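Novice: Handing you this structure, nothing more for now.
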Amino acid sequence: MTETDKIVATLAIYALKARYFRSMDNKDWPALEAVFAPDLIADFRDAAGERDESMLIHGAAPYVARLAPMLEKVTTVHHGHMPEIHIETDTQASGIWAMEDKLWVQEGSPLPFRWMHGYGHYHERYVRLADGWRISEIRLSRLRIDAG
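One point on numbering: in UniProt numbering, the residue at position 84 of the sequence shown is 84, and numbering is uninterrupted.
And the structure:
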């Protein structure tokens, strides 16, 4: 790949991650599923403070199907910052994003808190499919969670 190709790929991955955050916060589940490769590995086992083995999910559709009801009665705001993207080949890349999220939970939600403010990093792998770049692996590590 040329340096120009790497820049173009990096910008495409930036846009992909922006769609991830926007789709999540707008609860646009079909659009969220579309940012992932169909064989996604989603590892959120350490995302809520205590390790939860059930939050290692294989497949974009099962991941979104699990996430959507959890966030049905939750207003979310996600921000991604300072991406470190490494283009490995013309079809493979990896990245780390600093992140911050805020959640406001409505009555009737299955979540065990009323609000949360989290900080951490997304660790991701990307694959370029026929229709563009997709997230093939996503893992969230937390530095801190404030909740009440």
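Virtual Cβ for every residue (Gly too), placed ideally from N, Cα, C.
Predicted model only: the values in this text are computed from it and were never measured.
Based on the DSSP output, what are the partners of V64 in its beta bridges?
Specialist: Looking at the DSSP assignment, V64 forms no beta bridge with any residue, so it has no partner.
Novice: Would you list the one or two residues that DSSP bridges to F36?
Specialist: Paired residues: I135.
Novice: Can you confirm whether the region 25-32 touches the region 92-100 when touching is taken to mean that 3 or more C-beta pairs between the two stretches lie within less than 8 Å?
Specialist: Too few Cβ pairs lie closer than 8 Å, so no.
Novice: Leaving aside the five residues before and after S94 along the sequence, list all residues of the same chain whose C-beta is less than 6 Å from its C-beta, in chain order.
Specialist: Closer than 6 Å at Cβ, skipping near neighbours: H86, R125.
Novice: If I'm right that A60 touches E33 with Cβ under 8 Å, what's the distance once you round it to whole angstroms?
Specialist: Correct: roughly 5 Å between the Cβ atoms.
Novice: Whole angstroms are fine: how far does the CA of Y63 sit from the CA of V77?
Specialist: Each residue's Cα considered, the two are about 19 Å apart.
Novice: Starting from M116, trace the beta strand (DSSP E) both ways and give me its first and last residue.
Specialist: That run of the beta strand (DSSP E) goes 115-129.
Novice: Can the beta-carbon of F21 be found less than 9 Å from the beta-carbon of G118?
Specialist: No; because the gap between Cβ atoms is not below 9 Å, this pair is not in contact.
Novice: For M1, which of helix, strand or coil comes out of DSSP?
Specialist: In this structure, M1 counts as coil in the three-state DSSP scheme.
Novice: Going by the DSSP bridge assignment, what does A9 pair with across the sheet?
Specialist: None; A9 has no bridge partner.
Novice: With 16 other CB atoms within 10 Å as the buried threshold, where does V105 fall?
Specialist: So V105 ends up on the buried side.
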